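2 protein chains.
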Amino acid sequence: MSRRTAPVAELVERAREGDSRSVARLISLVEDESPLLREVMAALAPHAGQAHIVGITGSPGVGKSTSTSALVSAYRATGKRVGVLAVDPSSPFSGGALLGDRVRMQDHATDAGVFIRSMASRGHLGGLAWTTPQALRVLDAAGFDVVLVETVGVGQSEVEIAGMADTTLVLLAPGMGDGIQAAKAGILEVGDIYVVNKADRDGAQNVTRDLRAMLALAEREPDDWRPPILKTVASRNEGVDEVVAAIEDRLVWMRGSGVLADRRRSRARDEIEAIAMTALRSRFAHLHGDARLDVLAAKVATGATDPYAAADELIAAL
Amino acid sequence: MSRRTAPVAELVERAREGDSRSVARLISLVEDESPLLREVMAALAPHAGQAHIVGITGSPGVGKSTSTSALVSAYRATGKRVGVLAVDPSSPFSGGALLGDRVRMQDHATDAGVFIRSMASRGHLGGLAWTTPQALRVLDAAGFDVVLVETVGVGQSEVEIAGMADTTLVLLAPGMGDGIQAAKAGILEVGDIYVVNKADRDGAQNVTRDLRAMLALAEREPDDWRPPILKTVASRNEGVDEVVAAIEDRLVWMRGSGVLADRRRSRARDEIEAIAMTALRSRFAHLHGDARLDVLAAKVATGATDPYAAADELIAAL
Numbered sequence: 001m002s003r004r005t006a007p008v009a010e011l012v013e014r015a016r017e018g019d020s021r022s023v024a025r026l027i028s029l030v031e032d033e034s035p036l037l038r039e040v041m042a043a044l045a046p047h048a049g050q051a052h053i054v055g056i057t058g059s060p061g062v063g064k065s066t067s068t069s070a071l072v073s074a075y076r077a078t079g080k081r082v083g084v085l086a087v088d089p090s091s092p093f094s095g096g097a098l099l100g101d102r103v104r105m106q107d108h109a110t111d112a113g114v115f116i117r118s119m120a121s122r123g124h125l126g127g128l129a130w131t132t133p134q135a136l137r138v139l140d141a142a143g144f145d146v147v148l149v150e151t152v153g154v155g156q157s158e159v160e161i162a163g164m165a166d167t168t169l170v171l172l173a174p175g176m177g178d179g180i181q182a183a184k185a186g187i188l189e190v191g192d193i194y195v196v197n198k199a200d201r202d203g204a205q206n207v208t209r210d211l212r213a214m215l216a217l218a219e220r221e222p223d224d225w226r227p228p229i230l231k232t233v234a235s236r237n238e239g240v241d242e243v244v245a246a247i248e249d250r251l252v253w254m255r256g257s258g259v260l261a262d263r264r265r266s267r268a269r270d271e272i273e274a275i276a277m278t279a280l281r282s283r284f285a286h287l288h289g290d291a292r293l294d295v296l297a298a299k300v301a302t303g304a305t306d307p308y309a310a311a312d313e314l315i316a317a318l
Numbered sequence: 001m002s003r004r005t006a007p008v009a010e011l012v013e014r015a016r017e018g019d020s021r022s023v024a025r026l027i028s029l030v031e032d033e034s035p036l037l038r039e040v041m042a043a044l045a046p047h048a049g050q051a052h053i054v055g056i057t058g059s060p061g062v063g064k065s066t067s068t069s070a071l072v073s074a075y076r077a078t079g080k081r082v083g084v085l086a087v088d089p090s091s092p093f094s095g096g097a098l099l100g101d102r103v104r105m106q107d108h109a110t111d112a113g114v115f116i117r118s119m120a121s122r123g124h125l126g127g128l129a130w131t132t133p134q135a136l137r138v139l140d141a142a143g144f145d146v147v148l149v150e151t152v153g154v155g156q157s158e159v160e161i162a163g164m165a166d167t168t169l170v171l172l173a174p175g176m177g178d179g180i181q182a183a184k185a186g187i188l189e190v191g192d193i194y195v196v197n198k199a200d201r202d203g204a205q206n207v208t209r210d211l212r213a214m215l216a217l218a219e220r221e222p223d224d225w226r227p228p229i230l231k232t233v234a235s236r237n238e239g240v241d242e243v244v245a246a247i248e249d250r251l252v253w254m255r256g257s258g259v260l261a262d263r264r265r266s267r268a269r270d271e272i273e274a275i276a277m278t279a280l281r282s283r284f285a286h287l288h289g290d291a292r293l294d295v296l297a298a299k300v301a302t303g304a305t306d307p308y309a310a311a312d313e314l315i316a317a318l
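In order, the protein sequence lines correspond to chains A and B.
Be aware that the first sequence starts at 1, since it is given in UniProt numbering, and climbs by one per residue.
Be aware that the second sequence starts at 1, since it is given in UniProt numbering, and climbs by one per residue.
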């Protein structure tokens with residue numbers, strides 16, 4: 001509590017001036033589900049909508065951390081401020097081992113134009129779907145030009161992250177059966193840009209070819225974005241500038257087509273809904289304190305009523 | 001629609017008499033989020049709470065399908081009716097490739113005392129957390145003595161399944177780095193019974209030893225259930241009767257300790273809450289039709305308001 005010296009408005013101002021500690025503090029308020037959260041979000045709102053949110057996903061081992069780090073360097077070379085949010089939704093218990101390649105990321109540790117944060121997986125209020133957008137609001141309002149959201153590739157979370165990003169990068173690498181993995185995880189339906197990393201290895205050509213064949217099957221309107229397939233060797237920074245260029249192309253296209261504004265409205269809708277649902281859930285919890293939910297649950301457990309009739313009663317009690 | 005000839009009460013009665021087609025039809029009504037769902041649940045309620053719900057989880061390759069099939073055979077040898085629900089929560093797009101070893105499961109295809117069903121991953125109303133308990137209600141009320149819920153081991157879903165089961169079996173196998181995987185996925189916090197399958201292979205001893213060491217670290221009260229560690233070679237039916245015996249021991253313990261009743265009340269609470277939240281979400285969707293949510297989303301996207309203030313407005317409009 002003693003750390004909470006600076007008022008919210010001051011924290012936001014400092015964050016916008018590039019003070020990493022203030023950015024970190026604001027994200028902690030999000031993660032801790034602080035009572036100040038409403039105040040934080042109100043203070044951030046006027047500064048919203050400037051950052052390009054770029055999701056980075058792919059199976060373990062494709063080189064996500066290395067690629068993220070290389071992208072950070074490439075963006076920094078152009079003078080842009082970059083935020084990195086690493087989200088590990090696979091474990092509800094531990095903070096997760098994402099950015100395992102932290103050593104690499106430490107190249108950027110002393111750069112004030114870079115902010116890096118790992119996020120614990122699931123908070124009390126609903127996890128990934130709830131905390132990540134709020135943390136993205138912090139980084140957006142803090143004035144980062146680009147925010148990279150890195151996540152481990154496990155089905156559902158990829159799709160969630162894609163829903164939160166303006167642009168989603170899907171990473172693949174040769175020799176991992178990625179073609180099949182990609183199809184299974186629905187990766188092919190969320191990628192805006194595909195990157196075949198470790199392109200110097202055997203099989204890179206096959207991965208590219210399979211990917212191209214699968215993407216060719218997707219139905220697209222003439223005006224739709226056509227996801228490019230790029231090759232990198234991120235560990236040697238090869239091809240990384242081309243990825244940055246593709247991300248920028250995509251941003252220009254999104255602005256021109258209206259897709260950017262659409263996506264952002266749609267995300268705001270999801271966020272509002274999630275917050276409203278959380279608020280209602282917390283009212284249920286208070287009813288729970290009244291033991292009303294407990295009584296209903298006992299009736300359902302013994303078959304005296306069914307869950308739908310019980311839910312009706314619960315809603316009526318709101 | 002023409003298939004919906006039998007009224008709900010009749011379907012439930014036939015299902016209870018062992019008619020597999022009626023059971024299948026009732027689960028389809030759940031999966032399709034049929035308008036008849038409320039009626040179905042009301043008709044099932046009086047028959048609730050008889051089945052032992054057993055979750056089966058583990059990483060891909062440990063032999064879940066083989067073990068499930070072997071357990072079905074072992075239960076059938078004792079004359080019990082067995083339901084199997086295979087849930088693949090990893091893909092939000094396709095129905096999933098669980099029970100890949102379907103051929104094995106077909107041993108039971110002609111046995112009227114066995115009902116097997118794969119479930120699509122995520123429905124519109126919130127997926128696994130929503131459809132699985134309803135499907136379990138069908139199988140429970142249909143009079144199956146045991147219901148095995150098989151799921152792929154991917155972090156969050158394991159924990160969800162464990163929350164829905166009375167007893168959770170965690171399967172491991174040598175040679176898969178399972179010790180680490182298990183710890184990462186939080187498997188060790190959800191298992192009631194541990195099964196080291198493929199116990200004839202090199203390394204089975206190590207898996208067992210590591211598992212024992214990790215379980216020894218868990219804090220348990222003197223009265224708590226102590227998860228046993230069993231060894232099987234499911235493909236040869238070795239050790240499977242011992243697993244069935246452990247599951248039965250667990251059921252006796254749960255009944256005696258009151259844990260069974262507690263868990264069932266707690267699950268009913270979750271279910272009621274999920275249904276109530278879904279009902280409220282659908283009201284939001286109708287507000288959405290009113291364009292109110294769209295207007296709020298546009299305001300949030302442009303920074304004119306923040307998501308919390310917007311959520312307040314939305315709730316006020318309910």
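Where a beta carbon is used, it is the ideal one built from N, C-alpha and C, also for glycine.
Note that the structure is predicted; figures quoted are calculated from it, not measured.
Under the three-state DSSP convention, the category residue i falls into
{"i": "Lys184/B", "result": "With a pLDDT of 49 at Lys184/B, under the threshold of 50, the modelled position of this residue cannot be trusted, and the question is left open."}
{"i": "Glu238/A", "result": "strand"}
{"i": "Val87/A", "result": "strand"}
{"i": "Arg38/B", "result": "helix"}
{"i": "Leu172/A", "result": "strand"}
{"i": "Thr305/A", "result": "coil"}
{"i": "Lys299/B", "result": "helix"}
{"i": "Val259/B", "result": "helix"}
{"i": "Val138/A", "result": "helix"}
{"i": "Asp178/B", "result": "Note that Asp178/B scores a pLDDT of 49, beneath 50, so its modelled location is shaky and nothing firm can be said."}
{"i": "Thr167/A", "result": "strand"}
{"i": "Arg117/B", "result": "strand"}
{"i": "Lys231/A", "result": "strand"}
{"i": "Leu29/A", "result": "helix"}
{"i": "Val62/A", "result": "coil"}
{"i": "Thr278/A", "result": "helix"}
{"i": "Leu318/A", "result": "coil"}
{"i": "Leu211/B", "result": "helix"}
Buried or exposed by the 16-neighbour rule on C-beta atoms within 10 Å, applied to residue i
{"i": "Arg209/B", "result": "exposed"}
{"i": "Gln50/A", "result": "exposed"}
{"i": "Leu230/A", "result": "buried"}
{"i": "Gln205/A", "result": "exposed"}
{"i": "Ala301/B", "result": "buried"}
{"i": "Glu273/B", "result": "buried"}
{"i": "Gly258/A", "result": "exposed"}
{"i": "Leu318/B", "result": "exposed"}
{"i": "Pro227/B", "result": "buried"}
{"i": "Arg212/B", "result": "exposed"}
{"i": "Glu271/B", "result": "buried"}
Under 9 Å from the C-beta of residue i: neighbouring residues of chain A
{"i": "residue 328/B", "result": "Examination of residue 328/B is not possible in this model, given that chain B is present from 1 through 318 alone."}
Candidates the options, of which the one nearest residue i by Cα
{"i": "Met119/A", "options": "Thr110/A, Ala112/A, Ala142/A, Leu148/A", "result": "Leu148/A"}
{"i": "Glu33/B", "options": "Arg76/B, Thr278/B, Thr110/B, Asp312/B", "result": "Thr278/B"}
{"i": "Lys30/A", "options": "Arg21/A, Ser20/A, Met41/A", "result": "Per the sequence presented here, residue 30/A reads as Val, with Lys not at that position. Ranking the options by Cα distance to Val30/A, first place goes to Met41/A."}
{"i": "Ala141/A", "options": "Arg14/A, Asp270/A, Ile116/A", "result": "Arg14/A"}
{"i": "Thr131/B", "options": "Ala70/B, Trp225/B, Ile275/B", "result": "Ile275/B"}
{"i": "Thr232/B", "options": "Ala199/B, Val207/B, Gly163/B", "result": "Ala199/B"}
{"i": "Val87/A", "options": "Ile161/A, Ala48/A, Trp253/A", "result": "Ile161/A"}
{"i": "Asp111/B", "options": "Leu169/B, Gly55/B, Glu189/B, Arg21/B", "result": "Arg21/B"}
Where residue i meets chain A, residues with beta-carbon distance less than 7 Å
{"i": "Met41/B", "result": "Asp306, Pro307, Tyr308"}
{"i": "Ala45/B", "result": "Gly303, Thr305, Asp306"}
{"i": "Arg38/B", "result": "Tyr308"}
Beta-carbon proximity of residue i to residue j, cut-off 8 Å
{"i": "Gly175/A", "j": "Asp202/A", "result": "yes"}
{"i": "Gly143/B", "j": "Arg16/B", "result": "yes"}
{"i": "Val114/A", "j": "Val72/A", "result": "yes"}
{"i": "Tyr194/B", "j": "Leu172/B", "result": "yes"}
{"i": "His52/B", "j": "Thr151/B", "result": "no"}
Proximal chain B residues relative to residue i, where beta-carbon distance stays under 9 Å
{"i": "Ala204/A", "result": "Under the 9 Å cutoff, chain B gives no residues; its nearest Cβ is about 25 Å from Ala204/A."}
Chain B contact residues for residue i, given Cβ-Cβ distances below 8 Å
{"i": "Ala301/A", "result": "Ala48, Gly49, Ala261, Arg264, Arg265, Arg267, Ala268"}
Under 8 Å by beta carbon: chain A residues contacting residue i
{"i": "Leu293/B", "result": "Arg269, Ile272, Glu273"}
{"i": "Leu215/B", "result": "Those within 8 Å of Leu215/B in chain A number zero; the least Cβ separation is about 15 Å."}
{"i": "Leu314/B", "result": "Ile272, Glu273, Ala276"}
Neighbour list for residue i in chain B, Cβ cutoff strictly below 7 Å
{"i": "Leu11/A", "result": "Neighbours of Leu11/A on chain B: none; closest Cβ ~15 Å, over 7 Å."}
{"i": "Ala298/A", "result": "Arg265"}
The ligand MN heavy atom lying under 7 Å from the CB of residue i
{"i": "Asp262/A", "result": "As presented, the structure is devoid of all ligands, the ligand MN included, so that no description of it is given."}
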